[in-house]
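Numbering (my numbering), first residue to last: 93 to 189.
C-beta: ideal position from N, C-alpha, C; glycine also.
Here the structure is a predicted model, which means the values were calculated and not measured.
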């Protein structure tokens, strides 16, 4: 199961890499908490399991890109792009070009 960060109003945390916007995802809740403790700006977000329904509600049908944050490095700069198939097991969301 993968996790994202979400605010009380439903806003999902995204980050920018080389001018591209990504939904940040973590492999487990412990990694999310490590990133939050190292980045005070993230304290307004709570960890939540990634759910297609939640993503569609916030982003609509826009194609999304996901960035798997490396849990060993809480600075949010280390990680890799991850496909929706890797998260959900099948192509459920529109893929970014």
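For residue i and residue j, I'd like the C-alpha separation in whole angstroms.
i: residue 99; j: residue 150; result: 11 Å
i: residue 147; j: residue 169; result: 22 Å
i: residue 181; j: residue 141; result: 15 Å
i: residue 163; j: residue 124; result: 7 Å
i: residue 156; j: residue 96; result: 13 Å
So who's on the other strand from residue i, going by DSSP bridges?
i: residue 107; result: 114
i: residue 159; result: 116 and 173
i: residue 96; result: 140
Assign residue i to one of two classes, buried (16 or more other C-beta atoms within 10 Å of its C-beta) or exposed (fewer than that).
i: residue 136; result: exposed
i: residue 128; result: buried
i: residue 112; result: exposed
Rounded C-beta distance between residue i and residue j? I'm assuming under 8 Å.
i: residue 160; j: residue 152; result: Not a contact, Cβ separation roughly 23 Å.
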